[in-house]
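Note sheet for the following structure.
In this note's numbering, the protein residues as written are 1102 to 1499.
Structure below.
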């Protein structure tokens, strides 16, 4: 994938959006709290897209906002975008009209009635079966609402759904400011990283990271691992992991990466506990001393120190996935220490993955990163070299 291709798609700067109805597809798939509202630490995907909205409104566009929430296959009030519309109004200080529908006469009338600088949010597009099915008639109904299409939905760029791809082919389409930033920052790391270049991979989805791992290892100088990927690498080398989860199906694929073994730094100690003993902090041990009935829940202080030394001198960092089970309060220290080791003045750091980013926002550590990616799975697919349907629809690969 060459960066030069980036100049062949259209960006918002090329569009005259004044008084035009603009279909703005975003990824506002944000967790809702127990009160049914968007939480203060969960709105970072929304905040990341605001520069595009600000620009559209400044230039007098009539903005029709489309997103999904969750994975419903039919209308379900638990997955309504009504609270997201309310939160968008709070973030922007503007009125956000909400249709409660996706298409139909009332939606069409509301779209036509929008004034320049107005905002209309559609209901969850996944309430319509035609969305995930990429149905042409559903796409045509969406396209009839607007005159131009702008996408900032990088978080779902690996999905081939009607509002993400087919609608983009039915009217002039452009990448929004967030989409441009995503592709620019990720391409910079892949093609011209500052040295030393370091990757941090953690989390529970080890196998999903393998294609990106294979493409990144030849490029980077060092890789720091935690989570299930670290367990799997240790287990494959015959090292102790106790009863920690291991992706045994990944052993063969990891064998193809043995030539880069010297680049991969594994944990040497950790916070371990008996699975099911929630609420306790476990114990800190060298991983050779882990017992058969214990599992690794976080990296230990010596591993954090070693990883921190690498990160403190890094020129660029790419991070996806926490190094501990951050859902439990006792096991977030390793992830926190990794973030604290990054020097924002020295290091061009990029972080992605919903759980990781939400944790870092809660800990007030997002300011240490040059770019916060709204795509976890999409980011991994991008680094794996796979063509993303949304980028395809926007002409990125043309």
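Here a beta-carbon is modelled for each residue, glycine too, at the ideal position from N, C-alpha and C. Since this is a predicted model, take the numbers as computed values, not measurements.
Quick check on DSSP: helix, strand or coil for residue i?
{"i": "residue 1472", "result": "strand"}
{"i": "residue 1296", "result": "coil"}
{"i": "residue 1129", "result": "coil"}
{"i": "residue 1160", "result": "coil"}
{"i": "residue 1417", "result": "strand"}
{"i": "residue 1104", "result": "Because residue 1104 sits at a pLDDT of 36, beneath the cut-off of 50, its placement in the model cannot be relied upon, and the following sentence gives the value as read from the coordinates. Helix."}
{"i": "residue 1427", "result": "coil"}
{"i": "residue 1320", "result": "coil"}
{"i": "residue 1507", "result": "This structure leaves residue 1507 out entirely; the chain is present only between 1102 and 1499."}
{"i": "residue 1519", "result": "Outside the modelled stretch of the chain, which goes from 1102 to 1499, sits residue 1519, for which no answer is possible."}
{"i": "residue 1443", "result": "coil"}
{"i": "residue 1502", "result": "Nothing in the structure corresponds to residue 1502, since the chain is present only between 1102 and 1499."}
{"i": "residue 1315", "result": "helix"}
{"i": "residue 1495", "result": "coil"}
{"i": "residue 1245", "result": "coil"}
{"i": "residue 1119", "result": "coil"}
{"i": "residue 1464", "result": "coil"}
DSSP has residue i in a bridge; who is on the other side?
{"i": "residue 1371", "result": "1386, 1400"}
{"i": "residue 1250", "result": "1124, 1274"}
{"i": "residue 1451", "result": "1419, 1472"}
{"i": "residue 1112", "result": "1276"}
{"i": "residue 1301", "result": "1325, 1420"}
{"i": "residue 1199", "result": "1222"}
{"i": "residue 1139", "result": "1133"}
{"i": "residue 1358", "result": "For residue 1358, which the question treats as bridged, DSSP gives no partner whatsoever."}
{"i": "residue 1166", "result": "1125, 1222"}
{"i": "residue 1366", "result": "1325"}
From residue i to residue j, what distance separates their C-alpha atoms?
{"i": "residue 1375", "j": "residue 1391", "result": "10 Å"}
{"i": "residue 1149", "j": "residue 1129", "result": "10 Å"}
{"i": "residue 1119", "j": "residue 1209", "result": "19 Å"}
{"i": "residue 1336", "j": "residue 1357", "result": "16 Å"}
{"i": "residue 1138", "j": "residue 1188", "result": "8 Å"}
{"i": "residue 1308", "j": "residue 1213", "result": "47 Å"}
{"i": "residue 1493", "j": "residue 1268", "result": "13 Å"}
{"i": "residue 1239", "j": "residue 1169", "result": "15 Å"}
{"i": "residue 1237", "j": "residue 1285", "result": "31 Å"}
{"i": "residue 1105", "j": "residue 1292", "result": "Residue placement at residue 1105 is flagged as unreliable, the pLDDT there being 41, under the threshold of 50; a coordinate-derived value is accordingly withheld."}
{"i": "residue 1338", "j": "residue 1359", "result": "10 Å"}
{"i": "residue 1385", "j": "residue 1413", "result": "24 Å"}
{"i": "residue 1403", "j": "residue 1393", "result": "22 Å"}
{"i": "residue 1259", "j": "residue 1201", "result": "27 Å"}
{"i": "residue 1563", "j": "residue 1351", "result": "Because the chain is modelled from 1102 through 1499, residue 1563 falls outside the range shown and cannot be assessed."}
{"i": "residue 1326", "j": "residue 1346", "result": "15 Å"}
{"i": "residue 1142", "j": "residue 1463", "result": "6 Å"}
{"i": "residue 1377", "j": "residue 1437", "result": "23 Å"}
{"i": "residue 1235", "j": "residue 1254", "result": "16 Å"}
{"i": "residue 1225", "j": "residue 1410", "result": "45 Å"}
{"i": "residue 1263", "j": "residue 1442", "result": "42 Å"}
{"i": "residue 1449", "j": "residue 1365", "result": "20 Å"}
{"i": "residue 1361", "j": "residue 1156", "result": "45 Å"}
Which same chain residues, not among the five before or five after residue i, have their C-beta less than 6 Å away from its C-beta?
{"i": "residue 1298", "result": "1321, 1322, 1417"}
{"i": "residue 1166", "result": "1125, 1222"}
{"i": "residue 1219", "result": "1163"}
{"i": "residue 1389", "result": "1341"}
Among the options, which residue has its Cα nearest to the Cα of residue i?
{"i": "residue 1458", "options": "1482, 1496, 1419", "result": "1419"}
{"i": "residue 1440", "options": "1481, 1339, 1469", "result": "1469"}
{"i": "residue 1057", "options": "1114, 1398, 1144, 1335", "result": "This structure cannot speak to residue 1057, because the chain is shown only from 1102 to 1499."}
{"i": "residue 1445", "options": "1415, 1433, 1428", "result": "1415"}
{"i": "residue 1312", "options": "1478, 1138, 1490, 1172", "result": "1478"}
{"i": "residue 1186", "options": "1133, 1339, 1272", "result": "1133"}
{"i": "residue 1136", "options": "1179, 1111, 1442, 1121", "result": "1179"}
{"i": "residue 1363", "options": "1241, 1345, 1324, 1140", "result": "1324"}
{"i": "residue 1343", "options": "1395, 1293, 1304", "result": "1395"}
{"i": "residue 1247", "options": "1318, 1202, 1278, 1121", "result": "1121"}
{"i": "residue 1146", "options": "1266, 1483, 1452", "result": "1452"}
{"i": "residue 1242", "options": "1271, 1351, 1217, 1409", "result": "1271"}
{"i": "residue 1274", "options": "1250, 1235, 1473", "result": "1250"}
{"i": "residue 1277", "options": "1407, 1152, 1481", "result": "1152"}
{"i": "residue 1217", "options": "1498, 1405, 1123", "result": "1123"}
{"i": "residue 1265", "options": "1173, 1434, 1127", "result": "1127"}
{"i": "residue 1354", "options": "1368, 1369, 1387, 1315", "result": "1315"}
{"i": "residue 1290", "options": "1318, 1263, 1279", "result": "1318"}
{"i": "residue 1131", "options": "1466, 1471, 1154, 1256", "result": "1256"}
Would you please verify whether the beta carbon of residue i is less than 8 Å from any beta carbon of chain D?
{"i": "residue 1333", "result": "The structure shown contains no chain D; it is built from a single protein chain."}
Once you ignore the five residues that flank residue i on each side, which residues in its own chain have a CB closer than 7 Å to its CB?
{"i": "residue 1183", "result": "1199"}
{"i": "residue 1422", "result": "1302, 1303, 1304, 1328, 1454, 1457"}
{"i": "residue 1102", "result": "Confidence at residue 1102 is low in this model, with a pLDDT of 33, below 50, so its placement is unreliable and no value can be given for it."}
{"i": "residue 1483", "result": "1287, 1489"}
{"i": "residue 1082", "result": "No statement about residue 1082 is possible, as the shown extent of the chain runs from 1102 to 1499 and does not include it."}
{"i": "residue 1190", "result": "1196, 1197"}
{"i": "residue 1112", "result": "1275, 1276, 1281"}
{"i": "residue 1204", "result": "1242, 1243"}
Could you name the residues of the same chain whose beta carbon sits closer than 8 Å to that of residue i, not counting the 5 residues immediately before and after it, in chain order?
{"i": "residue 1398", "result": "1371, 1372, 1373, 1374, 1383, 1425, 1426, 1429, 1431, 1432"}
{"i": "residue 1306", "result": "1329, 1422"}
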